[in-house]
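*Asks:* Protein chains in written order, with our numbering: chain C, 1 to 218; chain P, 219 to 467; chain H, 468 to 1104.
Take this structure, written in structure tokens, and hold onto it; I'll ask about it next.
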Amino acid sequence: MGWALRFYRSTIGKKILMAVTGLIWVLFVIEHMAGNLLTLKGPEAINRYAALLKSSDEILWAFRIVLFVALVVHVDSMLKLTARNWTSRPARYAKVAHQTSSPASRTMRWGGVFLILWLVYHILHFTTGQVHPDFSHTDVYRNVTVAFQSGGKVALYGAAMVALALHLYHGAWSMFQTVGANHPHLEKPRRWVATAIAILIPLGFITVPLAIYFGIIG
Amino acid sequence: MKLTLHVWRQTGPNEAGRLVTYDVPDASPDMSFLEMLDVVNERLIERGEEPIAFDHDCREGICGSCSLMINGVPHGPRRGTASCQLHMRTFQDGDHIWVEPFRARAFPIVRDLVVDRSAFDRVIQAGGFIGVSTGSAPDANAIPISKAAADRAMDAAACIGCGACVAACPNASAMLFTAAKVSHLGFLPQGQPERMRRALAMVSQMDLEHFGGCTNYGECTAACPKEIPLEMIARLNRDYLKATLVARD
Amino acid sequence: MELNANIPSGPIADAWETHRFDMKLVSPANKRRYTIIVVGSGLAGASAAATLGELGYNVLCFTFHDSPRRAHSIAAQGGINAAKNYQNDGDSVYRLFYDTVKGGDFRSREANVYRLAEISLNIIDQCVAQGVPFAREYGGLLDNRSFGGAQVSRTFYARGQTGQQLLLGAYQALARQIAAGSVKMFTRSEMLDLVVVDGHARGIVTRDLVSGKVESFAADAVVLGTGGYSNVFYLSTNAKACNVTAIWRAYKRGAAMANPCFTQIHPTCIPVAGDYQSKLTLMSESLRNDGRVWVPKAKGETRRARDIPEAERDYFLERKYPSFGNLAPRDIASRSAKEVCDEGRGVGETGQGVYLDFADSIQRLGEDTIRERYGNLFEIYERITDENPYQVPMRIYPAPHYTMGGLWVDYNLMSTIPGLHVIGEANFSDHGANRLGASALMQGLADGYFVLPYTIGHYLATSKPGPVDTSHPAFRSAEQDTHTRTARLLDIRGTRTVDSFHQELGRLMWNHCGMARTADGLTQALERIPALREEFWRNVTVSGGPDHLNQSLEKAGRVADFLEFAELMCRDALDRGESCGGHFREEHQTADGEALRDDAQYAHASVWEYRGEESDPVLHKEPLTFEHVALAQRSYK
Ligand SMILES: Cc1cc2nc3c(=O)[nH]c(=O)nc-3n(C[C@H](O)[C@H](O)[C@H](O)COP(=O)(O)OP(=O)(O)OC[C@H]3O[C@@H](n4cnc5c(N)ncnc54)[C@H](O)[C@@H]3O)c2cc1C
Ligand code: HEM
Ligand code: HEM
Ligand code: SF4
Ligand code: F3S
Ligand code: FES
């Protein structure tokens, strides 16, 4: 076990954990986004899908636990690395000129924190329903169509999607580098894949709230 | 050309430092940046003041001594160029120029612009070598090495150990420096036997020296006078992951 | 003092082999008990310290740099020679030996040179095993290039950074020993004196450049690998910090200095641009493989290089030396450049420069091949001059580059002080009156990896030095001297900066003891140097204090030593009434302006013994005999 501990203690080890857990979440959001799009096909489609997901408690919880653990590990590493990085340069420069780092890469931490807060809200909103005006445990379609009548909600989700876009723009590129999946001629495709993920996923997500708000569905 | 310098002055590791402003009425565009500082220093000495301390030696961009943060960029605005190879023609008449030391917890300031980069030596001592004792080597041509491999090893080996990567990295991470050495030796057959333990040992020393972690900002490569590519960092990550999984010692 | 070179008897080809067998060994158990001080962590110092550490000695290694990897060796560009004959072009140990003796203009010791040529083979093996990424051919085998003064391709190189890669190899070997605990490394720590006890070198006094603390270190033997003194000229291709202090201190403690006037002027450097110039940048000699050197035929030519037609160009090296052409040895190439500039045919604003033109080879081989070969050198040139050598020819001019002279050592690399060994550029070396390109790296590594580690063992085994520690009065008084000297420098508080003295000395040496020397020029210099030294000690200003990082204090100490050393250099140049290699006395030249040796009177190494401030140094002569390479007028025509 010594090797595992050493790995976890090292900066590279933690970073690799972030990449792997990040990847798990990327896969989840892809699946989730695709699922959400069923809402556009109407109540039956999305509700049947939701019911299907919940058909087996074992699978559902296994699935939730994986996500939860992944997020905890992701955030734990983030906190430890951030603490380290913030103390590794005690005296600041009077003048700093960033040359290549993207705004996305420099907002990973705060963007991430915003995402996690939003996520808590999001779950209370659509999964457990506490913050939902009238919540139904079976009718997902109704939950969303009701929720997104309000411009405020749409805006909030919009903001979350921007945060997600930024996070993925750097993250989905960065994770390859972190696990060492890089080579001069992999450079371009990597950037391309990451950009695609960063645009398509948030876009796909936000269409549903917008469609509802502008009365295209619901 | 006329310039205004804002230079970091600090008398010792634990003293408080500050930016001091100096006017340079008569810099020549053909001067190197260090020659410009020489001129400033000569005047300070004549006035009985202490000259600005800065590390330098070869003035050819190869020894890695010079280490100036110029206008917020290690080694200044010109890419792939060490401070000593930067010439004043890259600046405009009337410019204000900020000159600071390379800053990192692992690089304590010794005086003014001089910092202690011995952490790099300790990272190399941890495993940045091939363990052959003198006299034990086979004929140099006994092991053919493809030109491609030799060239890539050379690309990585070009690192001059200046620390600009650390200075540029928002996390003060030494990943590029460490990755350059791990890659240099990793590209060569001679480097294989110790490859795994090298990655583990050098990374744990790097962490011990309290350099930051890498979040793939890419500032290091941009500042590197030898333009060591980011790909080297990916190679280090890969070696480290592999070492953890296969070489559980 | 009597000079015994300790050259092994018997046939030269097995001299080293027999000698190695005859030498006494130190048993593994005893090695640990011996402490060896190595001053310098350049190619010579680092390779020696690492190897001694591997052998099990207890090594203390010192450098004034912040890391061993910064040593000036790092700047070597072109390559390193070895008689591998991988190119099958007729090279051999004997040919490398022959070329080096001839290239040195018959002023080196045959036995040493032969050993050097032999060992060159092991060096390349060692470096490759360490991971030095030498250039390779597509077949995967090592590539070679040819270098000045040789007609075979025996130079191994790593792009234009050969010295860097070799030093990093040695540095990494050293790092391994530091980690193993066999070598203790002292960085930013400058040796300011040598301590001699009962006639044996037993330690050094250093100043910690950060804290200013003056400290003593005792040992059973001391090794100096402290590099060359080209900076006596102020402007040279050497790194700014290179200096003569270590060997000068040793000289004043009784180590004899040999051939101090043998300095090498490198033909291909970037010309001086202005009086703020702080150093000169070398353009590797390898450029002469594909570049053609020329000046306009007409004086005061004003057209741009490209506009000057072939017919009006003078490719003077190709004209004067048909067989070697642009690859003529350094001293010859340098002097020819000076001649044409003195004739008023020099190029560039100062008129102190000649063209090095790549147009033809770019046409022949294509720009990519040239970029592949010299890319980084062209970049360096472009950065400094703002001119693009792919389009306009480079402008080059000779500059001080290497010093063949240094502390005298015998075949075992031991100076005239028992226990004090000297390696690398710091000793009077195997290069005679002129060093061939790519041979200094070879010598530094030969000394450090393969010669000294054996011979020092022999010294320890035979002389069995007894215990001493730093409480010995010799250490105390040496420390005291250092304190007093530092205090004096700080107390003067005059009006002239250290650099201005250094610049004046440099100009003086360049004019009178540089590329061409005359009796009355040297006599003048010998009058002016003491005057300048006197002013220095009266009027120099050094700011700051003794007990912190104080770069002007460091410089002051080094320049003070240069001011003393320069005098010995001129004295030696004046005494040597002949021209040989890098030492060109205008009174002694052939009708067509070639160096004219006088073997009858000067086939010896001039070895100077210090006799105190008041009295003049005494000249001893080590006769040089040439049994294998017949004395002959060097001809590269
Ligand atoms: C620009 C340039 C290019 C060159 N190119 C080539 C080439 O292509 N091929 C070739 O064969 N040769 C070349 N040479 C020559 C060669 O590089 C040097 O002769 C050789 O590297 C000298 O090595 P060294 O170990 O003897 O000394 P150095 O490398 O100079 O090392 C001296 C060491 O001693 C230390 N030191 C000195 N004084 C003190 C002191 N008082 N206290 C403590 N430490 C001290 C220094 O810190 C340093 O570590 C070149 C030289 C120059 C200037
Ligand atoms: C506009 C965008 C989004 C909409 C409309 C939306 C909608 C929903 C809905 C309706 C549910 C309940 C599903 C069910 O109970 O069957 C849900 C669950 C969930 N969503 Fe979202 N979601 C969006 C974006 C996201 C994003 C970006 C993330 C992650 C970063 C996310 C993470 C989750 C999680 C973790 C659950 C709980 C799954 C479970 O365990 O049941 N959602 N979402
Ligand atoms: C919810 C709270 C989250 C926080 C606080 C957070 C924070 C971070 C931080 C600080 C990084 C490091 C950036 C880097 O090193 O390059 C990171 C990387 C990453 N994050 Fe998140 N993140 C969170 C959620 C997510 C989610 C929901 C996803 C996916 C939808 C995700 C995917 C990634 C990916 C792929 C990376 C790249 C890992 C790497 O660089 O190797 N993160 N995250
Ligand atoms: S990687 Fe580049 S920036 Fe970092 S130390 Fe090496 S040369 Fe300097
Ligand atoms: S800038 Fe720093 S974050 Fe990594 S990519 Fe370079 S080390
Ligand atoms: S001074 Fe040597 S790299 Fe700049």
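Cβ atoms here follow ideal geometry from the backbone N, Cα and C, with glycine treated the same way.
Is any non-hydrogen atom of ligand 3 found closer than 7 Å to the C-beta of Arg109 of chain C, if you look at the structure I gave you?
*Replies:* The sequence position of residue 109 of chain C within the first sequence is 109, counting from 1. Yes; taking the cut-off as 7 Å, the Cβ of Arg109 of chain C has a heavy atom of ligand 3 nearer than that.
*Asks:* If distances are taken between C-alpha atoms only, which option among P:Gln410, P:Lys460, P:Arg236 and P:Ala385 comes closest to Arg323 of chain P?
*Replies:* Working through the second sequence from its first residue, we reach residue 323 of chain P at position 105. For Arg323 of chain P, the closest alpha carbon among the candidates P:Gln410, P:Lys460, P:Arg236 and P:Ala385 is that of P:Ala385.
*Asks:* By DSSP's criteria, Ile671 of chain H is part of a beta bridge. Which residues make up the other side?
*Replies:* For the purposes of this step, residue 671 of chain H is identified with residue 204 of the third sequence, where counting begins at 1. H:Leu661 and H:Phe684.
*Asks:* Between His733 of chain H and Ala866 of chain H, which are expected to be in contact by the criterion C-beta below 8 Å, what is the C-beta distance as a whole number of angstroms?
*Replies:* By one-based count along the third sequence, residue 733 of chain H stands at place 266. By one-based count along the third sequence, residue 866 of chain H stands at place 399. About 6 Å; that satisfies the 8 Å criterion.
*Asks:* Give the single residue among P:Ala417, P:Arg335, P:Ala366 and P:Ile280 whose Cα lies nearest to the Cα of Ile348 of chain P.
*Replies:* Within the second sequence, residue 348 of chain P is the residue found at index 130, counting from 1. It is P:Ala417 whose Cα lies nearest to the Cα of Ile348 of chain P.
*Asks:* Take Glu946 of chain H and list the residues in its own chain whose beta-carbon comes closer than 7 Å to its own, dropping the five residues that flank it on each side.
*Replies:* In the third sequence, counting from the first residue as 1, residue 946 of chain H sits at position 479. These residues qualify, in order along the chain: Val672, Val681 and Ser683.
*Asks:* Check whether the region 868-878 of chain H and the region 720-734 of chain H touch, using three or more Cβ-Cβ pairs below 8 Å as the test.
*Replies:* yes
*Asks:* Could you say which of H:Gly571, H:Ser1102 and H:Arg1038 lies nearest to Asp1059 of chain H if we only look at CA atoms?
*Replies:* As a first step, residue 1059 of chain H must be located in the third sequence, where it is residue number 592. Out of H:Gly571, H:Ser1102 and H:Arg1038, H:Ser1102 has the C-alpha closest to the C-alpha of Asp1059 of chain H.
*Asks:* Counting only Cβ-Cβ distances shorter than 7 Å, please list the residues of the region 270-298 of chain P near chain C, keeping chain order.
*Replies:* Met287, Asn289, Gly290 and Val291
*Asks:* Please give the ranges of any alpha helix (DSSP H) in the region 92-165 of chain C, keeping only runs that are unbroken, at least 4 residues long and fully inside the region.
*Replies:* DSSP runs (the alpha helix (DSSP H)) wholly in the region 92-165 of chain C: 103-106, 108-126 and 140-147.
*Asks:* What are the residues of the region 846-880 of chain H that lie near chain P, defined by any Cβ-Cβ distance shorter than 9 Å?
*Replies:* Glu846, Ile847, Arg850, Ile851, Thr852 and Asp853
*Asks:* For Ala91 of chain C, go through chain P and note every residue whose CB falls closer than 7 Å to its CB, in chain order.
*Replies:* Along the first sequence, one-based indexing puts residue 91 of chain C at 91. Annotation: Cβ neighbours of Ala91 of chain C in chain P (cutoff 7 Å, chain order): Arg321.
*Asks:* Whose Cβ in chain H lies nearer than 8 Å to the Cβ of Thr352 of chain P?
*Replies:* As a first step, residue 352 of chain P must be located in the second sequence, where it is residue number 134. Neighbours of Thr352 of chain P on chain H, chain order: Ser514, Ala517, Thr518, Glu521, Gln593, Ala640, Tyr916, Phe917 and Pro920.
*Asks:* Consider the C-beta atom of Gln544 of chain H and the heavy atoms of ligand 1; say whether any pair is separated by less than 7 Å.
*Replies:* Here residue 544 of chain H is taken as the residue at index 77 of the third sequence, counted from 1. Indeed, a heavy atom of ligand 1 lies less than 7 Å from the Cβ.
*Asks:* Residues in its own chain within less than 7 Å of Leu448 of chain P by CB, not counting five upstream and five downstream?
*Replies:* Position 230 of the second sequence, counting from 1, holds the residue named residue 448 of chain P. The answer, listed in chain order, is Gly436 and Thr439.
*Asks:* So Leu1016 of chain H and Leu522 of chain H are in contact, right, with Cβ under 8 Å, and what is the actual spacing, rounded?
*Replies:* Counting from 1 along the third sequence, the entry for residue 1016 of chain H is found at position 549. Counting from 1 along the third sequence, the entry for residue 522 of chain H is found at position 55. 35 Å between Cβ atoms; not a contact.
*Asks:* Residue range of the alpha helix (DSSP H) that Ala530 of chain P falls in?
*Replies:* The displayed coordinates of chain P run from 219 to 467. Any statement about residue 530 of chain P would go beyond what the structure contains.
*Asks:* Please state whether DSSP places Met372 of chain P in a helix, a strand or coil.
*Replies:* Taking the first residue of the second sequence as position 1, residue 372 of chain P is located at position 154. Met372 of chain P falls in the helix class under three-state DSSP.
*Asks:* What are the boundary residues of the beta strand (DSSP E) that Thr222 of chain P is part of?
*Replies:* For the purposes of this step, residue 222 of chain P is taken as the residue at position 4 of the second sequence. Element bounds for Thr222 of chain P: Leu221 to Arg227.
*Asks:* Rounded to whole angstroms, what is the Cα-Cα separation between Tyr857 of chain H and Gly627 of chain H?
*Replies:* Residue numbering aside, residue 857 of chain H sits at position 390 when the third sequence is read from its first letter. Residue numbering aside, residue 627 of chain H sits at position 160 when the third sequence is read from its first letter. Approximately 17 Å between the Cα atoms of the pair.
*Asks:* From this set, H:Arg1078, H:Val526, H:Phe529 and H:His539, which residue's C-alpha is nearest Asp275 of chain P's C-alpha?
*Replies:* Walking along the second sequence from the start, residue 275 of chain P turns up at place 57. It is H:His539 whose Cα lies nearest to the Cα of Asp275 of chain P.
*Asks:* Is the beta carbon of Ser174 of chain C within less than 7 Å of some heavy atom of ligand 3?
*Replies:* Taking the first residue of the first sequence as 1, we reach residue 174 of chain C at position 174. Yes - ligand 3 has a heavy atom lying nearer than 7 Å to the Cβ of Ser174 of chain C.
*Asks:* Would you say the beta carbon of Val144 of chain C is closer than 7 Å to some non-hydrogen atom of ligand 2?
*Replies:* Start at 1 with the first residue of the first sequence, and residue 144 of chain C comes out as number 144. Result yes, Cβ under 7 Å from ligand 2.
*Asks:* According to DSSP, is Arg655 of chain H part of a helix, a strand, or is it coil?
*Replies:* Taking the third sequence and counting its residues from 1, the one referred to as residue 655 of chain H is at position 188. In the three-state DSSP reduction, Arg655 of chain H falls in the coil class, being neither helix nor strand.
*Asks:* Are the beta-carbon atoms belonging to Gly180 of chain C and Arg453 of chain P less than 8 Å from one another?
*Replies:* In the first sequence, residue 180 of chain C corresponds to position 180, counting from 1. In the second sequence, residue 453 of chain P corresponds to position 235, counting from 1. For Gly180 of chain C and Arg453 of chain P, yes; Cβs fall inside 8 Å.
*Asks:* Would you decide whether Lys188 of chain C is buried or exposed? Buried here means 16 or more other CB atoms lie within 10 Å of its CB.
*Replies:* As a position in the first sequence, residue 188 of chain C is number 188, starting the count at 1. The residue is exposed, with fewer than 16 neighbouring Cβ atoms inside 10 Å.
*Asks:* Report the three-state DSSP secondary structure of Pro535 of chain H (helix, strand or coil).
*Replies:* Numbered from its first residue, the third sequence carries residue 535 of chain H at position 68. It is helical.
*Asks:* Is Cys432 of chain P a contact residue of ligand 1, with contact defined as CB to any heavy atom under 7 Å?
*Replies:* Taking the second sequence and counting its residues from 1, one reaches residue 432 of chain P at position 214. Checking the Cβ of Cys432 of chain P against ligand 1 gives no.
*Asks:* Just the Cα atoms here: how many angstroms apart are Tyr605 of chain H and Ile446 of chain P?
*Replies:* The residue labelled residue 605 of chain H in the question sits at position 138 within the third sequence. The residue labelled residue 446 of chain P in the question sits at position 228 within the second sequence. Answer to the nearest angstrom: the Cα atoms are 24 Å apart.
*Asks:* Within 8 Å (strictly less), CB to CB, does Met161 of chain P reach chain H?
*Replies:* No statement about residue 161 of chain P is possible, as the shown extent of chain P runs from 219 to 467 and does not include it.
*Asks:* Where does Lys746 of chain H sit, in a helix, a strand or coil, going by DSSP?
*Replies:* Counting from one through the third sequence, the residue named residue 746 of chain H turns up at place 279. Three-state DSSP puts Lys746 of chain H in coil, outside helix and strand.
*Asks:* Less than 7 Å between the CB of His888 of chain H and some heavy atom of ligand 3, yes or no?
*Replies:* Sequence index remark: in the third sequence, residue 888 of chain H carries index 421 (1-based). Result no, Cβ not under 7 Å from ligand 3.
*Asks:* Can you list, in chain order, the residues of the region 23-48 of chain C whose Cβ is nearer than 8 Å to any Cβ on chain P?
*Replies:* none
*Asks:* What three-state label does DSSP hand Trp1004 of chain H in the structure shown?
*Replies:* Here the question's residue 1004 of chain H lines up with position 537 in the third sequence. Helix, per DSSP.
*Asks:* Roughly how many angstroms lie between the CA atoms of Asp665 of chain H and Thr883 of chain H, to the nearest whole one?
*Replies:* As a position in the third sequence, residue 665 of chain H is number 198, starting the count at 1. As a position in the third sequence, residue 883 of chain H is number 416, starting the count at 1. So the two alpha carbons sit approximately 14 Å from each other.
*Asks:* Can you tell me where the alpha helix (DSSP H) with Val72 of chain C in it begins and where it stops?
*Replies:* Residue 72 of chain C sits at position 72 when you count from the first residue of the first sequence. Where Val72 of chain C is concerned, the enclosing alpha helix (DSSP H) stretches over Asp57 to Thr87.
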